[in-house]
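Residues 18 to 190 in the numbering used here are what the sequence shown spells out, letter by letter. Ideal Cβ positions, reconstructed from N, Cα and C, are used throughout, including at glycine. These figures come from a predicted structure and were not determined experimentally.
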Amino acid sequence: MQDTAVLLHLTAGGDEKAFEQLFIRHKDRVYEIALLYTESGFLAEEILQDIFVQVWQKRVELPSIENFSSWLFILTRNRCFNVVRDIARASSNKKAMVQSLPETGTEPADARLLFSEAEKLVLQAMEQLTPAQRQAFELFKLKGLSREETARQMGISPNTVKVHLLQGMRSIR
18 MQDTAVLLHL TAGGDEKAFE QLFIRHKDRV YEIALLYTES GFLAEEILQD IFVQVWQKRV
78 ELPSIENFSS WLFILTRNRC FNVVRDIARA SSNKKAMVQS LPETGTEPAD ARLLFSEAEK
138 LVLQAMEQLT PAQRQAFELF KLKGLSREET ARQMGISPNT VKVHLLQGMR SIR
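Shown next, in the form of structure tokens:
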């Protein structure tokens, strides 16, 4: 295994094998530092790649670096700070944009779509119910009638309504 200083000189000259050795030797430490600062495996991986792209781009400067590990640590730490700052800024900007939107009185398109999908699922689930279970569910859950009112409309006892609802919920699950 070659000395780091030799690998730095070889990498500065464009030796990709030497660069690969530097990468193999330091990638785990860079990843650990990035993970520590970002708390995200995805971001740590992105930062790891960014750092070594930057090392390659600055390869002619490598021989003048006295302590490569420290230099790499500082480079990684600064990149993490920038990423975390950018994410915080983007999050803050999104919140500001949402807060600045005018009140329209209408639901956002996404909410309407989710409601529509949920409604379809409920209707599909109701198709699995017996006619008595479906009627009890519609009156009690959808129309908001009490168990007694549902029982009167169906001509059955409130306990029977309860049984229909419980059995219906079990069959839907």
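(Q) Is the beta carbon of LEU53 closer than 9 Å to that of PHE36? (A) Within the sequence shown, numbered from 1, the residue matching residue 36 stands at position 19. Within the sequence shown, numbered from 1, the residue matching residue 53 stands at position 36. In this structure, LEU53 does not lie closer than 9 Å to PHE36 by Cβ.
- [ ] Locate the alpha helix (DSSP H) running through ASP67, then write down its first and last residues.
- [x] As a position in the sequence shown, residue 67 is number 50, starting the count at 1. From DSSP, the alpha helix (DSSP H) with ASP67 extends over 58-74.
### Message
Going by DSSP, what residue range makes up the alpha helix (DSSP H) through LEU53?
### Response
Walking along the sequence shown from the start, residue 53 turns up at place 36. Going by DSSP, LEU53 is part of the alpha helix (DSSP H) stretching over 33-55.
So, under 8 Å CB-CB, PHE154 and LEU183 are touching, yes? Tell me the CB distance rounded to an integer number of Å. By 1-based counting over the sequence shown, the position of residue 154 is 137. By 1-based counting over the sequence shown, the position of residue 183 is 166. Contact doesn't hold; Cβ gap of about 11 Å is too wide.
Put GLY172 into one of helix, strand or coil per three-state DSSP.
Taking the sequence shown and counting its residues from 1, one reaches residue 172 at position 155. Looking at GLY172 - three-state DSSP - the assignment turns out to be coil, as it is neither helix nor strand.
Taking C-alpha atoms, which residue in SER163, THR93, PRO175 lies nearest to ARG46? Walking along the sequence shown from the start, residue 46 turns up at place 29. Here the closest residue by C-alpha is THR93.
### Message
According to DSSP, is ILE82 part of a helix, a strand, or is it coil?
### Response
Sequence index remark: in the sequence shown, residue 82 carries index 65 (1-based). If DSSP states are grouped into helix, strand and coil, ILE82 belongs with coil.
Q) Of the choices ILE173, GLN170, THR28, GLY172, whose alpha-carbon is the least far from that of GLU78? A) Position 61 of the sequence shown, counted from the first residue, corresponds to residue 78. If we check each option's Cα against that of GLU78, THR28 comes out closest.
How close, in whole Å, do the beta carbons of MET171 and GLN152 come, if the pair is a contact with beta carbons under 8 Å?
Mapped onto the sequence shown, residue 171 falls at position 154. Mapped onto the sequence shown, residue 152 falls at position 135. Contact flag correct, Cβ pair sits at about 6 Å.
Mind checking whether VAL70 and LEU39 have CB atoms under 9 Å apart?
As a working note, residue 70 is residue 53 in the sequence shown. As a working note, residue 39 is residue 22 in the sequence shown. Going by C-beta atoms, VAL70 is not nearer than 9 Å to LEU39.
Requested in this report: Select from ALA149, GLY161, LYS160 the residue whose C-alpha is nearest the C-alpha of SER174.
Outcome: As a first step, residue 174 must be located in the sequence shown, where it is residue number 157. With distances taken between Cα atoms, SER174 lies closest to ALA149.
- Query: Any idea if ARG96 is buried or exposed, counting beta-carbon neighbours within 10 angstroms, 16 or more meaning buried?
  - Reply: Here residue 96 corresponds to residue number 79 of the sequence shown, with the count starting at 1. Burial call: buried.
Can you tell me where the alpha helix (DSSP H) with GLN19 in it begins and where it stops? In the sequence shown, counting from the first residue as 1, residue 19 sits at position 2. Where GLN19 is concerned, there is no enclosing alpha helix (DSSP H), given that its DSSP letter is neither H nor E.
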